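Q: Residue numbers (numbering that gives the first Met the number 0): 0 to 1208.
Let me give you the structure first, and then I'll get to my questions.
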Amino acid sequence: MGDLTNSDYYAKNQGNDVSSNHEGGFGVSVMELRDLMELRGSEAVVKIQEEYGDMDGLCQRLRTSPTEGLTGDDLDKRKEVYGENLIPPKKPKTFLQLVWEALQDVTLIILEVAALISLGLSFYQPPGGDSGESCGTAAAGAEDEGEAEAGWIEGAAILLSVVCVVLVTAFNDWSKEKQFRGLQSRIEQEQKFQVVRGAQVIQLPVADIVVGDIAQIKYGDLLPADGVLIQGNDLKIDESSLTGESDHVKKDADKDPMLLSGTHVMEGSGRMLVTAVGVNSQTGIIFTLLGAGEPVEEEKKKEKVKKQDGAAAMEMQPLKSAEGGEMEEKEKKKANVSKKEKSVLQGKLTKLAVQIGKAGLVMSAITVIILVLYFAVDNFVLQKRPWLTECTPIYVQYFVKFFIIGVTVLVVAVPEGLPLAVTISLAYSVKKMMKDNNLVRHLDACETMGNATAICSDKTGTLTTNRMTAVACYVGDVHYKEIPDPGALTAKSLDILVNAISLNSAYTTKILPATKEGGLPMQVGNKTECGLLGLVLDLKRDYQPIRNQIPEEKLYKVYTFNSARKSMSTVIKLSDGSFRMYSKGASEIVLKKCTKILNQEGEPRVFRPRDKDEMVKKVIEPMACDGLRTICVAYRDFPADPEPLWDNENDILNELTAVCVVGIEDPVRPEVPDAIIRCQRAGITVRMVTGDNINTARAIAIKCGIIHPGEDFLCIDGKEFNRRIRNEKGEVEQERMDKVWPKLRVLARSSPTDKHTLVKGIIDSCLTDQRQVVAVTGDGTNDGPALKKADVGFAMGIAGTDVAKEASDIILTDDNFSSIVKAVMWGRNVYDSISKFLQFQLTVNVVAVIVAFTGACITQDSPLKAVQMLWVNLIMDTFASLALATEPPTEALLMRKPYGRNKPLISSTMTKNILGHGIYQLVIIFSLLFVGEQIFDIDSGRHAPLHSPPSEHYTIIFNTFVLMQLFNEINARKIHGERNVFDGIFRNPIFCSIVFGTFAIQIVIVQFGGKPFSCTPLDMEKWGWCTFLGLGELVWGQVIATIPNSKLRFLRGAGQLTKKNEMPGDEDMNEDNEEIDHAERELRRGQVLWFRGLNRIQTQIRVVNAFRSSLYEGLEKPDSRPSIHNFMTHPEFRIEDSTPHIPLIDDTDLEEDPSLRNTHQPQTGSQPQSPNKNNNAVDSGINLTIDTTSKSAASSGPASPLHSLETSL
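Have a look at this one:
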């Protein structure tokens, strides 16, 4: 029964008592089956014979029949005893966990601290101050109780905005998770598998398979449960997802009958007895281990709902398990680190928030210092008052008041609306993207997509429809450019052709009538075979009656399709006892084996080698160049006696008679060419990576518009690609890669590894000044690594496997390339929305801070009261973020190049706008403050006595300030210096309603706000003036737009506000976190030095070896020599030796031969590749010497390598 502890564990796991296993009336327990499934090969056969006699014995114990399957009356009991076939999904994060994660934001933390200080101080009641007169007065200005009582509002309001942000973020994540689970379960219900129940073959949802079921397996299946093979023909399984062994394993009922869930059937077919499902299957066991051992990797294993998902997780495994345990550790660390990695935008925003926070702190500190000095000088110097001990509490009270004013300045400076704007903008985009068939799994992917510079796309299914249709054929010596009329062919040829296609294809492949009215017929099974069956239907014949006549069991012998044969053949026994074999496969392969061909009459004639060559030239190549896949159909008759030796494949598959060559097309999706043109216009390079042959790939690429005839682009296949990028040792060299990728447009016959190599090569490349941002599409399990490596991974929602979806950032629910273009548009829109908001917010911040600061220092009283400031904060933050963050995207976004990683968030145009509008507002407000009473002929509010009612003077200032913000919000809609700020304003109803709403509330506040808002009602004339001054913003905006940026040189500095450090320090830590593991970072200093020494020696040896070659390369490429300026402009390159941030023992990094790089390669970006930190020192030496020599142009060529050699030695 298996030992007790295990069974206890299982009792818990299964939610039932294990002792019931035998009581269930089954002759074998869960534990026994588990132990059985852990055996492999002959051990398993022996065990079955010893324990159960044979397979029939095992079937009897499980109360099932190997031929008829289960009767279906004890299914619930089986589920109870042996478990269900699903792996319980990981528990979703609770709402509170999501809230806690949202609270970790830097800006929010700054805000929380400011708010708490401000709250604490507002409740601080100074001790009674009647003894005040003798202690001197601080001209602390008119502070009425209204103001004092309202002190707490400021802090509370900030906390409220923080709560808002946190809740919105958490709610977003939560609904996204829910959405994703919904999609997952929808996909899950669609997944079916063939089982025999009650002697009928039925399709069952994978989750309904139980132990004891007899499952039919065939080429292309992903096994849904563990089982034992009962009968198989030519069965080969790819177990790499579990074992990491890439060779296919031949399975045989007598030698190795064990089949494991999550493995792929690569060849053949068979029947298996299901022995373990769900958590008890091999994948499930590993999965429960993963679930238990990795709370860290929520992101990676987000939701695993079903068995297949288990398989999915395992399929990611080979990448790790091949290198054993440490790799697993690495992966976990990696997951931990990469989760922290910020997207481009987040990085820039955090940096900006911190900078603004610092500026605010400085301003508030200066405010406090000035107030304190003013007080001290006024009292103790000018009025020569002594410091009296009994007055100390009163002085303290004054100082506290000054401190509160300081905090107010700080609070005004910090842009609390920033996180809200980002969240709203992303959430809004993600919601809308769902309508555009993009299911976003990771929020930041949406915005990264706006920066994408390259897309590596699959061909089948993404660029094309993945519906194979026969469009041309060559029958009876005639080449038909479209499918001929059945009358054009002789009856004999037609019969042979129809039989050959109907019988010699998997019987599971069918064409079903369309589900939707007017839709295309459904293609089930192998798409190529569907295309051929479609040809039969086009010839007005039906394949089903022929199949019914000769059912599958009557097929005499089947040579299944595999990648080595590239053909499939089926032998049938004719009524007279003789045999006929039908063959089909890749035309170049099948035609080689043909010795005859059917002529126009349908009679075989001799087919000579020179006819073959002519046929290839005249028929096959033209078809391939049109992007067609060519399939040749042939047959051969054998006598009844003597019966041929069927196992002697080479003799059998020979001397065939060709019937026809069919050109099958996977048509390009109609909307793709347009989408690709839009991508290219937007500065995004589209590359096609496909497994198809080079001619077809090139033809499709031309149809899509990826390449245009006559342009200088590379279309190469995987072999050539690897030859170009690898050195003699077979290692990938970044430098070779850099020669290939910029021109590469089509990579044909590529393996998944090639795809990953290409993506990695482009991302790691330093050719361009901006690091490339790469998006990748994938649908297969094998695309997992590339999807993970890419900046944004798109998985196909319909055709994609679970592994691909799991590794992706965005799921295309309609598998359509044009949805990617929409994602780019939304991504850019997010970036622009946030820039618009920043432009608006920073203008308000600059003005408010300066007004509060000067007001406090000159009149000792801020003209804008706390509650008023709060209202300003509210419009400028919450409302403006809503209004500006929900601007819908326009086509114009696709007319410009991507911004790239190191473009500052605040461009020079935006700086110009912020400063320009800031100056206008300050001039108006200070004019009103100091001469307003004369202009409007009213009482001055400047020196009003304590507790006086609110003055008209200050109300006008407040009102004008708010109206200027409102009109400036319209200006902020454009950030690229466009003139028409009203363009498209009515497409955004939220914006209009917010502007009008704010205006209405402002009227209410001024007219009826009274004491709490420190306002008095204004008459129509004064309202007119306020509105006029506000409208001035729009006019002034046009003036600013007229000033060219080039005139304002100083803006460049301001514009570089958040220059993203592309130096190894910041960005590159992130890059390397991908590769390194923390344990290695902690390598002891001694070891590090030792490795360095070793490495340096290796480098020097390589320099010597590479000396000759680099000498000539040096002569050829004088332009690639780095300039001294390059080096000096990036002093950060002189990295301290403190942290070796590149794995010291990692062949991936040693692959690029440093010596080649040392001698000639621009130093600007290539630093991180250097295999160890110390080489940087060597490199820098080399760099400088190269430069000194290149000053003397003549000697520069040959001299540099010599110099580098000397310096490095």
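Every residue gets a Cβ at the ideal spot worked out from N, C-alpha and C, and that includes glycine.
Computed from a predicted model, the values in this text were never measured in an experiment.
Is residue 1121 helix, strand or coil when you go by DSSP?
A: In this prediction, residue 1121 scores a pLDDT of 38, lower than 50, which makes its location untrustworthy; the coordinate-derived value is nonetheless stated afterwards. In the structure shown, residue 1121 sits in coil (DSSP, three-state: anything other than H, G, I, E or B).
Q: Tell me which residues share the same chain as residue 369 and place their Cβ nearer than 6 Å to its Cβ, disregarding the 5 neighbours each side in the sequence.
A: Excluding residues within five positions, the ones whose Cβ falls inside 6 Å are 856.
Q: Within the same chain, show all residues whose beta-carbon is closer than 7 Å to that of residue 704, passing over the 5 residues directly before and after it, in chain order.
A: The residues are 672, 675, 676.
Q: So the candidates are 72, 484, 119, 349; which of them puts its Cα closest to the Cα of residue 536?
A: For the residues 72, 484, 119, 349, the minimum Cα distance to residue 536 belongs to 484.
Q: Classify residue 1002 as buried or exposed, calling it buried when 16 or more other Cβ atoms lie within 10 Å of its own Cβ.
A: Counting Cβ neighbours within 10 Å, residue 1002 comes out exposed, since fewer than 16 surround it.
Q: By Cβ distance below 6 Å, which residues in the same chain neighbour residue 280 in space, the five residues on each side in sequence not counted?
A: Closer than 6 Å at Cβ, skipping near neighbours: 224, 225, 260.
Q: I believe residue 473 touches residue 501 by the beta-carbon criterion, under 8 Å. Please report the beta-carbon distance rounded to the nearest angstrom.
A: So it is not a contact: roughly 20 Å between Cβ atoms.
Q: Residues in its own chain within less than 8 Å of residue 200 by CB, not counting five upstream and five downstream?
A: Same-chain partners within the cutoff: 193, 194, 215.
Q: Can you tell me whether DSSP reads residue 603 as helix, strand or coil?
A: Residue 603 falls in the strand class under three-state DSSP.
Q: So who's on the other strand from residue 286, going by DSSP bridges?
A: Partner(s): none; residue 286 has no beta bridge.
Q: Distance cutoff 8 Å, beta carbons only. Does residue 266 sit that close to anything in chain C?
A: Reference to chain C is not applicable here, since this structure consists of a single protein chain.
Q: Quick one: residues in its chain with C-beta nearer than 8 Å to the C-beta of residue 1130, no 5 flanking neighbours on either side, listed in chain order?
A: Confidence is the limiting factor: at residue 1130 the pLDDT is only 38, short of 50, which leaves the residue's position unreliable and the question unanswerable from this model.
Q: First and last residue of the beta strand (DSSP E) that includes residue 349?
A: Per DSSP, residue 349 belongs to no beta strand (DSSP E); it is in the alpha helix (DSSP H), 343 to 375.
Q: The beta strand (DSSP E) that contains residue 776, what's its start and end?
A: Run containing residue 776: 773 to 777, per the beta strand (DSSP E) assignment.
Q: Express the C-alpha separation of residue 748 and residue 692 in angstroms, rounding to a whole number.
A: Those two C-alpha atoms are separated by around 6 Å.
Q: On the premise that residue 356 lies in contact with residue 413, defined as a C-beta separation below 8 Å, what is that separation, rounded to the nearest angstrom?
A: About 6 Å separates the two Cβ atoms, so the contact holds.
Q: According to DSSP, is residue 1081 part of a helix, a strand, or is it coil?
A: With a pLDDT of 39 at residue 1081, under the threshold of 50, the modelled position of this residue cannot be trusted; read the value that follows with caution. Residue 1081: coil per DSSP, three-state reduction.
Q: Could you spell out where the alpha helix (DSSP H) holding residue 34 opens and where it closes?
A: 29 to 36 is the extent of the alpha helix (DSSP H) around residue 34.
Q: Using the beta-carbon count (16 or more within 10 Å), is residue 840 buried or exposed?
A: With 16 or more other Cβ atoms within 10 Å, it is buried.
Q: Can you look up residue 758 in the DSSP assignment and give me helix, strand or coil?
A: Of the three classes helix, strand and coil, the one that applies to residue 758 here is helix, per DSSP.
Q: Could you give the distance in angstroms between the alpha-carbon of residue 669 and the alpha-carbon of residue 819?
A: Taking the straight line from one Cα to the other gives about 15 Å.
Q: Does the segment 631 to 641 touch the segment 583 to 592, meaning 3 or more C-beta pairs lie closer than 8 Å?
A: Touching, per the Cβ criterion.
Q: Have a look at residue 1083 and residue 741 and give me their C-alpha separation to the nearest angstrom.
A: Confidence in residue 1083 is poor, its pLDDT being 45 and thus under 50, which makes the residue's placement unreliable; the coordinate value appears in the next sentence. Taking the straight line joining both Cα atoms gives about 41 Å.
Q: Do the CB positions of residue 86 and residue 286 come within less than 8 Å of each other?
A: Yes, the Cβ-Cβ distance between residue 86 and residue 286 is below 8 Å.
Q: Taking residue 353 as the reference, which of 409, 636, 621 has the closest Cα?
A: Answer by Cα proximity: 409.
Q: Grouping DSSP H, G and I as helix and E and B as strand, with all else coil, what is residue 472?
A: If DSSP states are grouped into helix, strand and coil, residue 472 belongs with the strands.
Q: Can you list, in chain order, the residues of its chain whose CB lies under 6 Å from that of residue 504, leaving out five sequence neighbours each side?
A: 528, listed in sequence order.
Q: Please classify residue 845: is it buried, with 16 or more other beta-carbons within 10 angstroms of its beta-carbon, or exposed?
A: Classification of residue 845: buried, given that the 10 Å Cβ count is 16 or more.
Q: In the DSSP output, what is residue 412 paired with across the bridge?
A: None, per the DSSP bridge assignment.
Q: Could you spell out the range, first to last residue, of the alpha helix (DSSP H) harbouring residue 847?
A: Taken as a continuous stretch (DSSP letters only), the alpha helix (DSSP H) holding residue 847 covers 816 to 857.
Q: Once the 5 residues before and after residue 646 are set aside, which same chain residues still bring their CB inside 6 Å of it?
A: The answer is none, since no qualifying residue turns up.
Q: So residue 634 is in the beta strand (DSSP E); what residue range does that whole segment cover?
A: Its beta strand (DSSP E) spans residues 627 to 637.
Q: State yes or no: is the C-beta of residue 205 within less than 8 Å of the C-beta of residue 191?
A: Against a cut-off of 8 Å, the Cβ pair of residue 191 and residue 205 comes out as a contact.
Q: When burial is assigned at 16 or more other CB atoms within 10 Å of the CB, is residue 796 buried or exposed?
A: Buried, because 16 or more other Cβ atoms sit within 10 Å of the Cβ of residue 796.
Q: Quick one: Cα of residue 246 to Cα of residue 606, how far?
A: Roughly 38 Å between the two C-alpha positions.
Q: Do residue 568 and residue 555 have their CB atoms nearer than 8 Å?
A: No.
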